[in-house]
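J.:
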Amino acid sequence: MAKWFLLLSAISGFTAVAFGAFAAHGLRGQLPANLLAAFQTGVQYQFWHTGALIGVALLLLQWSHSRLFKAAGIGYITGILLFSGSLYLMALSGITALGIITPFGGVSFLIAWLLFGLGVWRQL
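FYI, in mature numbering (1 follows the signal peptide of the UniProt record, and there is no 0) the residues of the sequence shown are -23 to -1, 1 to 101.
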C-alpha cells in the first residue's frame, strides 16, 4: 500500500502545482473573487494533505501492517477528492451547491489526522 500511496502522492502533488499555476495565471480575473479564493483553498489543502499522505506512506514502509496508517492514507485521499475536488468543481462551474460536498472532505481529513495520531501512538 505504501507504493500506491507514494504514487498517488506524486499525482496529487503534480496536480496541485498545476492547479495552483492555473489559478494564478489562468483564472485570476476570470472568476469572481470568492470562487477564485475557494479554488485556491482547494489547492492549499491538497498540498498539505499530499504531504501527509507521503508521511503515511513512509511510515508504512516500516509498519506495513498498520491498519491505522492505511486508513489514514485512505482518509487523506478521500479528503483531497471530496474537499479540494468539490471546491475546484464549484469554482469552475459556478454551481455553489457543490459546496455541500466540501464538509464531507473536511471530516475525512479530520478522521485521517486522528487515525494518523493513533497509529503514531501505537507504533512509536
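Glycine residues also receive a C-beta, built at the ideal position from the N, C-alpha and C atoms.
1. My assumption, with CB atoms under 8 angstroms, is that G76 sits in contact with S63. Please give the rounded CB distance.
2. Enumerate in chain order the residues of its own chain whose CB-to-CB distance from L37 is below 8 angstroms, with the five nearest sequence positions on each side excluded.
3. Under a Cβ-count criterion, where at least 16 other Cβ atoms within 10 Å of its own Cβ denotes burial, should G82 be classed as buried or exposed?
4. Going along the chain, which residues of its own chain have a beta-carbon closer than 7 angstroms to the beta-carbon of S(-15), five neighbours each way excluded?
5. Give me the residue from I88, L(-17), A74, M67 with the minimum Cα distance to L12.
6. What does the Cβ neighbour count give for F(-10), buried or exposed, with the cut at 16 atoms within 10 Å?
7. On the CB-based measure, 16 or more other CB atoms within 10 Å of its CB, does T73 come out buried or exposed?
8. Straight-line CA distance for L59 to Y65?
9. Could you give the DSSP three-state label for S70: helix, strand or coil?
10. Rounded to the nearest angstrom, how far is the Cβ of G52 from that of I88, given a contact under 8 angstroms?
11. Decide if A10 is buried, meaning its Cβ has at least 16 other Cβ atoms within 10 Å, or exposed.
12. Determine the extent of the alpha helix (DSSP H) in which H26 is found, giving its start and end residues.
T.: From the atom records:
1. 7 angstroms
2. M(-23), A(-22), F(-19), S43, F46, K47, G50
3. Result: buried.
4. Within the same chain, and ignoring the five residues on either side of S(-15) in sequence, the residues whose Cβ sits closer than 7 angstroms to its Cβ are T27, L30, I31, A34.
5. Closest by alpha carbon: M67.
6. exposed
7. exposed
8. Taking the straight line joining both Cα atoms gives about 10 angstroms.
9. Three-state result, S70: helix.
10. 5 angstroms
11. exposed
12. 10 to 39
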